[in-house]
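Each remark here refers to the structure printed beneath this line.
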Amino acid sequence: MDIWSTLNDTFLDWGSMKEVLPEMLKVGLLNTLVLAASSVVLGTLLGMVVAVMALSRKRWLRWPAKIYTDVFRGLPAILTILLIGQGLSPITRHWWGPNPYPLGILALSLIAAAYIGEIFRSGIQSVEKGQLEAARALGFTYPAGMRLVVIPQGVRRVLPALVNQFIALVKESSLVYFLGLLASQRELFRIGQDAAATNGNLSPLLLAGIFYLVITVPLTHLVNHFDKRLREGRPTDESRADDVVREELAHADHR
Amino acid sequence: MQTTVEAASLDVEGVELAFGSNKVLRGVDLAVPAGRTACVIGPSGSGKSTLLRAINRLLEPDAGDVRLAGESVLRSNPDELRRRIGMVFQHFNLFPHKTVLENITLPLRKIKKLGPDEARTAALAQLELVGLGNKAAARPGTLSGGQQQRVAIARALAMKPEVMLFDEATSALDPELVKGVLGLMADLAQAGMTMVVVTHEMGFAREVADQVAFMDHGVVVESGVPEQLFTAAESPRLRLFLSQVL
Numbered sequence: 001m002d003i004w005s006t007l008n009d010t011f012l013d014w015g016s017m018k019e020v021l022p023e024m025l026k027v028g029l030l031n032t033l034v035l036a037a038s039s040v041v042l043g044t045l046l047g048m049v050v051a052v053m054a055l056s057r058k059r060w061l062r063w064p065a066k067i068y069t070d071v072f073r074g075l076p077a078i079l080t081i082l083l084i085g086q087g088l089s090p091i092t093r094h095w096w097g098p099n100p101y102p103l104g105i106l107a108l109s110l111i112a113a114a115y116i117g118e119i120f121r122s123g124i125q126s127v128e129k130g131q132l133e134a135a136r137a138l139g140f141t142y143p144a145g146m147r148l149v150v151i152p153q154g155v156r157r158v159l160p161a162l163v164n165q166f167i168a169l170v171k172e173s174s175l176v177y178f179l180g181l182l183a184s185q186r187e188l189f190r191i192g193q194d195a196a197a198t199n200g201n202l203s204p205l206l207l208a209g210i211f212y213l214v215i216t217v218p219l220t221h222l223v224n225h226f227d228k229r230l231r232e233g234r235p236t237d238e239s240r241a242d243d244v245v246r247e248e249l250a251h252a253d254h255r
Numbered sequence: 256m257q258t259t260v261e262a263a264s265l266d267v268e269g270v271e272l273a274f275g276s277n278k279v280l281r282g283v284d285l286a287v288p289a290g291r292t293a294c295v296i297g298p299s300g301s302g303k304s305t306l307l308r309a310i311n312r313l314l315e316p317d318a319g320d321v322r323l324a325g326e327s328v329l330r331s332n333p334d335e336l337r338r339r340i341g342m343v344f345q346h347f348n349l350f351p352h353k354t355v356l357e358n359i360t361l362p363l364r365k366i367k368k369l370g371p372d373e374a375r376t377a378a379l380a381q382l383e384l385v386g387l388g389n390k391a392a393a394r395p396g397t398l399s400g401g402q403q404q405r406v407a408i409a410r411a412l413a414m415k416p417e418v419m420l421f422d423e424a425t426s427a428l429d430p431e432l433v434k435g436v437l438g439l440m441a442d443l444a445q446a447g448m449t450m451v452v453v454t455h456e457m458g459f460a461r462e463v464a465d466q467v468a469f470m471d472h473g474v475v476v477e478s479g480v481p482e483q484l485f486t487a488a489e490s491p492r493l494r495l496f497l498s499q500v501l
C-alpha cells in the first residue's frame with residue numbers, strides 16, 4: 001500500500017476542495033460567523049448579568065447564578081444543545097416555525113454565559129477593594145461605583161480569557177449541526193462533512209478545518225496581544241526607580 | 256496653594272463600632288472646630304482608620320453620633336454625606352483605567368452633574384493647585400507615588416468638601432516623596448480646611464495640627480494641643496508610644 005498516495009487521496013483531493021469551496025465560503029463561513037458572533041454577544045450580555053448576580057450581597061441573587069453556572073458548565077455542550085434545540089422546539093415553532101437556528105444560538109449563548117460569567121466574576125473580584133471604597137468615599141452609590149469604576153477594570157483584566165472563550169465558541173458552533181439544519185443554515189463543519197460523505201474522502205473536512213483556523217488563529221494572536229499589553233502596561237522596576245527623579249523635577253517645576 | 260474652602264465643624268461623640276465580637280471603636284470622642292486640623296496618632300490596630308470610615312459612614316457606627324456642622328450625619332443619606340467629606344487613602348486609590356484628568360472629572364460629572372467643559376476647567380484648576388497641571392493626560396500608573404497622592408488630594412478637593420479625612424496619606428510613599436505631600440496638606444490646613452489626619456508623621460502633627468488625639472484600643476486616651484501632648488504627656492501609654500516613635 002502506498003501510504004503517501006492514500007493520505008493524498010484522503011486529505012488532499014484538490015478537486016473535492018475546489019468543488020465545495022464556494023458553498024463553504026458563502027454558506028458555511030457565513031453561518032459559522034453568525035452563530036459564533038450572535039452567541040458571543042448574547043453570551044457576553046448574559047454572562048455579565050450572571051457575574052453581577054454571583055457577586056451580589058443578596059443570597060436570592062447569588063444562588064441562582066451559582067446553580068446556573070454549575071449546571072451549564074457541568075453538562076456536555078452537545079447535551080445542552082440537544083436538550084434546548086429539540087426540547088424547546090415545540091414551544092418556539094409557534095414563533096418562528098420549525099427553524100432550529102435560533103435555538104442553536106440560544107443554547108450556545110447559555111453555555112457561553114456560564115463560562116463568561118465566571119470570567120467576569122473573577123475579573124471583577126480581582127479589582128482591589130480600595131477602588132470601590134474610593135468611589136464610595138467620593139459619593140458614588142454602590143451600583144454607580146461598580147458600573148463606573150470596578151467593572152470596567154475587571155473586564156479589562158480578563159480580556160485574554162474572554163477572547164479564549166470566543167475561540168471556544170467558534171469551535172462549539174459546529175455542534176449545532178446535531179439539530180438538523182436546513183441546507184442554507186449549515187455551518188463549516190456540516191458542509192465539510194456532507195461533502196466528505198459525498199466524495200468519499202476527508203479533504204472537504206480538512207478545508208473546513210483550515211477555515212476554522214483562519215478564524216481562530218488571529219483571535220489567538222489577539223489574546224497574546226492583550227496579554228502582552230496587560231503585562232507591559234504595569235510599571236517596571238526601572239520606572240519605579242525613576243519615580244524619585246520625576247518627583248524632584250516636578251517639585252522644581254512647581255517652585 | 257491658594258484655594259477657597261467652606262469648612263464645617265466635625266464632632267465625634269461616643270462612637271462605637273465592632274466587627275463581629277471584635278470591638279474596634281469603644282466610644283471615641285473628637286471635636287474639630289471648623290477650619291482646624293486634628294491629627295490622630297496611635298499604634299497600629301488602635302482604630303484610627305476605622306474612626307475615619309465611621310465618620311463618613313463607609314463603616315456604620317454601632318453607637319454614638321457624628322455631627323457635621325452641628326447636624327448628625329447618621330440622619331443624612333450616606334452617599335450625599337460623603338460628597339461633603341473628602342477622603343484620601345494610604346494607597347491613593349486612583350482609578351487606573353482613567354487619566355489623571357478623568358479621575359477628577361468623573362465624580363464632578365456623574366455626581367456634581369457638571370457639564371464636560373465645566374468639569375474639565377474645574378479639574379485642571381485643581382491639578383494646577385497641586386502642581387500637576389502638566390500631568391492631566393497621564394495615566395496614574397505612570398506617576399510617582401507622591402504625584403499620585405497629590406492627584407488623589409486634588410480629586411477629593413474638586414468636590415468642594417467641608418471636611419477632609421487623610422488616612423495615613425504618606426505611609427506608602429518613599430521617604431523622599433513624603434515631604435511634597437505633607438507640604439500640600441499643610442497648605443490646605445493653612446487655607447482653613449477642617450481636617451482629620453491619621454498619621455505616623457509626628458513632625459507634621461507637631462507643626463501643623465491644632466490638636467492631637469492619641470488613640471489606643473479603640474478609645475482616645477489623651478488629646479490636646481501638640482505642644483502639651485508631645486512634651487507633657489499624662490498617660491503612660493502615650494509616653495510609651497512617643498518614646499518608641501520619636
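Chains as they are written, first to last, in my numbering: chain X, 1 to 255; chain P, 256 to 501.
Just so you know, even glycine gets a beta-carbon here, dropped at the ideal spot from N, CA and C.
Bear in mind the structure is a predicted one, so any value in this text is a computation, not a measurement.
- Annotation: X:Asn99 is outside any beta strand (DSSP E) and is labelled neither H nor E by DSSP.
- Not one beta carbon of chain P lies nearer than 8 Å to the beta carbon of X:Val158.
- Taking X:Val223 as the centre and dropping the five residues before and after it, the same chain places the C-beta of Pro160, Val163 and Asn164 closer than 7 Å to its C-beta, in chain order.
- X:Val149 reaches chain P at Phe350, counting residues in chain order whose Cβ is nearer than 7 Å.
- Secondary structure at P:Asn277: strand, using DSSP grouped into helix, strand and coil.
- DSSP places P:Gln466 inside the beta strand (DSSP E), whose first and last residues are Gln466 to Asp471.
- According to DSSP, X:Ser174 shares a beta bridge with no other residue.
- Residues of the segment 120-153 of chain X whose Cβ lies closer than 7 Å to any Cβ of chain P, in chain order: Gly130, Gln131, Glu133, Ala134, Arg136, Ala137, Leu138, Gly139, Phe140, Thr141, Ala144, Leu148, Val149, Pro152 and Gln153.
- For secondary structure counted as the alpha helix (DSSP H) over 4 or more consecutive residues, the segment 26-99 of chain X holds these complete runs in sequence order: 30-54, 59-74, 77-87 and 89-96.
- Boundaries of the beta strand (DSSP E) around P:Arg322: Ala318 to Leu323.
- Neighbourhood of P:Asp442 in chain X, by CB distance below 9 Å: empty, with the nearest CB roughly 12 Å away.
- By the CB criterion at 8 Å, X:Gly85 and X:Ala107 fall inside the cutoff.
- Here P:Arg492 really is in contact with P:Val476; their C-beta atoms are around 6 Å apart, less than 8 Å.
- Between the C-alpha atoms of P:Asp429 and P:Ala393 there is a straight-line separation of about 21 Å.
- Under the 8 Å criterion on CB atoms, P:Lys365 is classed as interfacial with respect to chain X.
- Residue state for P:Glu271 is assigned as strand, using DSSP reduced to three classes.
- Residue pairing of P:Val283 in beta bridges, as defined by DSSP: P:Val270.
- X:Ile210 sits exposed, since fewer than 16 C-beta atoms from the chains shown fall within 10 Å of its C-beta.
- Within its own chain, the residues whose Cβ lies closer than 7 Å to the Cβ of X:Leu29, once the five positions on either side in sequence are excluded, are Leu188 and Phe211, listed in chain order.
- The segment 316-332 of chain P makes no contact with the segment 375-394 of chain P: fewer than 3 CB pairs, one atom from each, lie closer than 8 Å.
- Take P:Ala411, set aside five residues on each side of it, and the residues of its chain with a beta-carbon closer than 8 Å to its own are Gly341, Met342, Val343 and Met419, in chain order.
- Against chain X, the CB of P:Leu313 has a partner CB under 8 Å away; the residue lies at that interface.
- Runs of alpha helix (DSSP H) with 4 or more residues, each lying fully within the segment 105-162 of chain X, are found at 129-138, 142-145 and 151-157, listed in chain order.
- Taken through DSSP and simplified to helix, strand or coil, P:Gly341 comes out as strand.
- Judged by DSSP secondary structure, P:Met450 falls within the beta strand (DSSP E) whose first and last residues are Thr449 to Val453.
- Interface annotation, P:Met448: not in contact with chain X, CB-CB separation never under 8 Å.
- Against chain X, the beta carbon of P:Arg338 has neighbours under 9 Å at Leu138 and Gly139, listed in chain order.
- For the 8 Å CB-CB criterion, X:Ile124 and X:Val149 do not form a contact.
- Segment contact: the segment 46-65 of chain X against the segment 188-199 of chain X, fewer than three CB-CB distances shorter than 8 Å; contact not assigned.
- Against chain X, the beta carbon of P:Leu361 has neighbours under 7 Å at Leu148, listed in chain order.
- As the crow flies, the alpha-carbon of X:Met17 is around 18 Å from that of X:Trp4.
- Of the candidates P:Glu482, P:Ser490 and P:Val474, P:Val474 places its Cα closest to the Cα of P:Ala273.
- In the assembly as shown, X:His94 is an exposed residue. Its beta-carbon has fewer than 16 other beta-carbons within 10 Å.
- Residue range Val418 to Asp422 is occupied by the beta strand (DSSP E) that includes P:Val418.
- Under the Cβ distance rule, P:Phe344 counts among the residues neighbouring chain X, one pair being separated by less than 8 Å.
- Contact between the segment 328-336 of chain P and the segment 385-405 of chain P is absent: fewer than 3 CB-CB pairs across the two stretches fall below 8 Å.
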